[in-house]
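S.K.:
Protein chains: 2
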Amino acid sequence: MRKSGTPALQKTAPVFAALGDPTRLRLVAALCAGGALSIAQLTAGTAITRQAVTKHLEVLAGAGLLHDIHRGRERLWELQPSRIDEARRSLDAIAAQWDQALQRLKAFVET
Amino acid sequence: MRKSGTPALQKTAPVFAALGDPTRLRLVAALCAGGALSIAQLTAGTAITRQAVTKHLEVLAGAGLLHDIHRGRERLWELQPSRIDEARRSLDAIAAQWDQALQRLKAFVET
DNA sequence: CTAATATGCAACCTGTTGGTTGCGTTTTTG
DNA sequence: CAAAAACGCAACCAACAGGTTGCATATTAG
Numbered sequence: 000m001r002k003s004g005t006p007a008l009q010k011t012a013p014v015f016a017a018l019g020d021p022t023r024l025r026l027v028a029a030l031c032a033g034g035a036l037s038i039a040q041l042t043a044g045t046a047i048t049r050q051a052v053t054k055h056l057e058v059l060a061g062a063g064l065l066h067d068i069h070r071g072r073e074r075l076w077e078l079q080p081s082r083i084d085e086a087r088r089s090l091d092a093i094a095a096q097w098d099q100a101l102q103r104l105k106a107f108v109e110t
Numbered sequence: 000m001r002k003s004g005t006p007a008l009q010k011t012a013p014v015f016a017a018l019g020d021p022t023r024l025r026l027v028a029a030l031c032a033g034g035a036l037s038i039a040q041l042t043a044g045t046a047i048t049r050q051a052v053t054k055h056l057e058v059l060a061g062a063g064l065l066h067d068i069h070r071g072r073e074r075l076w077e078l079q080p081s082r083i084d085e086a087r088r089s090l091d092a093i094a095a096q097w098d099q100a101l102q103r104l105k106a107f108v109e110t
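Here the protein sequences line up with chains A and B, keeping their order.
Taking numbering that gives the first Met the number 0, the leading residue of the first sequence gets 0, the next gets one more, and so forth.
Taking numbering that gives the first Met the number 0, the leading residue of the second sequence gets 0, the next gets one more, and so forth.
#1: Find out if the Cβ-Cβ distance for the pair R25(B), Q40(A) is shorter than 9 Å.
#2: Pick from A43(A), R72(A), W76(A): whose alpha carbon is nearest that of L56(A)?
#3: Between I68(B) and chain A, is any beta-carbon pair separated by less than 9 Å?
#4: Starting from L24(B) and walking both ways along the alpha helix (DSSP H), at which residues does that stretch end?
#5: When we look at the beta-carbon of A95(A) and count the other beta-carbons within 10 Å, is it buried (16 or more) or exposed?
#6: Along the stretch 80-103 of chain A, where does the CB come closer than 9 Å to a CB of chain B? Name the residues.
#7: Using only the alpha-carbon positions, how far apart do L64(A) and R82(A) sit?
#8: Please check if any C-beta of chain B sits within less than 9 Å of the C-beta of Q9(A).
#9: Output, in chain order, the set of chain B residues within a Cβ distance shorter than 8 Å of K105(A).
#10: Give me the DSSP bridge partner(s) of I93(A).
#11: Do three or more CB pairs link the stretch 12-20 of chain A to the stretch 11-25 of chain B at distances below 8 Å?
#12: Along chain B, in chain order, which residues have C-beta atoms closer than 7 Å to that of G71(A)?
#13: Looking at the C-beta of R25(B), does it have a partner C-beta in chain A at a distance below 9 Å?
#14: Identify the contact partners of L75(A) in chain B, using a Cβ-Cβ distance below 8 Å as the criterion.
#15: Kindly indicate which three-state DSSP category L64(B) falls into: helix, strand or coil?
#16: In the DSSP assignment, what are the bridge partners of R70(B)?
#17: Within this structure, are the beta carbons of I38(A) and V52(A) separated by less than 9 Å?
#18: For A60(A), return the contacting residues in chain B, with the cut-off set at a CB-CB distance below 9 Å.
#19: Checking the sheet assignment: what are the DSSP bridge partners for S81(B)?
#20: Is there a Cβ from chain A that is less than 9 Å from the Cβ of L18(B)?
#21: Using the Cβ count rule (16 or more neighbours within 10 Å means buried), how would you classify T117(A)?
#22: Compute the Euclidean distance between the alpha carbons of Q102(B) and R74(A), then round it to the nearest angstrom.
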């Protein structure tokens with residue numbers, strides 16, 4: 000007997016917001032493929048400034064999707080496993096809710 | 000043999016952006032549970048204006064997540080099944096990518 | 001030590017967002 | 001028909017987002 004129906008779903012908004020930008024999505028993709036990369040490396044291909052990239056990285060970190068590691072004069076960024084797994088579950092939860100709605104809609108239409 | 004690696008992933012940014020707002024997430028949740036609702040109904044609980052709600056609904060519609068139906072003097076909104084399913088698959092794709100990254104990270108750590 | 005790397009910090013700028021108010025229009029309801 | 005309900009449209013606003021430039025700082029390579 001699900002009490003609330005739409006419980007902690009609200010907390011996922013920041014994660015979606017963080018992923019809701021093409022540049023940020025590219026950074027995430029790069030980190031998925033590249034492991035831990037420095038700001039300079041992540042800036043390499045892009046047409047934007049290093050400072051802009053830094054801002055994006057901090058937005059992603061703010062949503063708990065990344066974390067940084069200082070090594071020498073460079074600052075490496077990598078995916079935050081635990082948080083990512085958590086975000087994934089949120090996405091699944093939403094998808095499940097959507098599936099329910101979908102079924103109801105289809106059942107309604109096909110009647 | 001996935002040719003690009005991060006292909007149409009970029010196209011999902013608008014969807015994430017649309018979901019990246021608490022108010023919008025609430026609207027989606029309400030429509031998941033309530034089927035087709037009018038603007039007035041969707042505005043009911045919220046502290047914001049009807050016009051504000053309308054804007055949010057149009058943002059969601061712009062991302063292809065909703066669509067509207069005019070009935071009499073009211074305008075009903077409901078989830079867009081096909082698009083939602085599509086969005087779900089995008090989310091799964093990202094999650095899969097993340098899982099890969101996760102495994103690599105874990106394998107690296109546990110060595 | 002000195003030059004080159006890799007960043008950090010802060011000010012600044014412009015376009016977008018989330019919201020509002022005010023008023024006109026279309027349907028219903030009595 | 002007149003009042004009420006449910007909207008649409010447009011102007012306007014403050015705050016925020018995405019980016020940039022300029023300059024200072026910390027590491028590393030020669």
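Here a beta-carbon is modelled for each residue, glycine too, at the ideal position from N, C-alpha and C.
M.R.: Walking through what the data contain:
#1: No, Cβ-Cβ distance for R25(B) and Q40(A) is not below 9 Å.
#2: Nearest of A43(A), R72(A), W76(A) to L56(A), Cα basis: W76(A).
#3: Under the Cβ criterion of 9 Å, I68(B) is not counted among the residues facing chain A.
#4: Its alpha helix (DSSP H) spans residues 21-33.
#5: By the neighbour-count rule (16 or more Cβ atoms within 10 Å), A95(A) is not buried but exposed.
#6: Per Cβ criterion, the list reads P80, I83, D84, A86, R87, L90, D91, I93, A94, Q96, W97, D98, Q99, A100, L101, R103.
#7: C-alpha separation (whole angstroms): 6 Å.
#8: Yes, its Cβ sits closer than 9 Å to a Cβ of chain B.
#9: For K105(A), the residues of chain B that pass the 8 Å Cβ criterion are P80, in the order they occur in the chain.
#10: Per DSSP, none; premise fails for I93(A).
#11: Taking a cut-off of 8 Å on C-beta distances, the stretch 12-20 of chain A touches the stretch 11-25 of chain B, as three or more cross pairs fall below it.
#12: Within 7 Å Cβ-Cβ: nothing; G71(A) doesn't reach chain B, min ~20 Å.
#13: Taking Cβ atoms only, chain A reaches closer than 9 Å to R25(B), which makes this a yes.
#14: Residues of chain B passing the Cβ test: none, with the nearest at roughly 13 Å.
#15: It is coil, neither helix nor strand.
#16: Its beta-bridge partners are E73(B).
#17: Less than 9 Å divides the Cβ of I38(A) from the Cβ of V52(A).
#18: What A60(A) touches in chain B: nothing, since even the nearest Cβ is about 16 Å away.
#19: For S81(B), which the question treats as bridged, DSSP gives no partner whatsoever.
#20: At least one beta carbon of chain A lies nearer than 9 Å to the beta carbon of L18(B).
#21: Because chain A spans 0 through 110 in this model, residue 117(A) falls outside it and cannot be assessed.
#22: Going by the C-alpha atoms only, they are around 23 Å apart.
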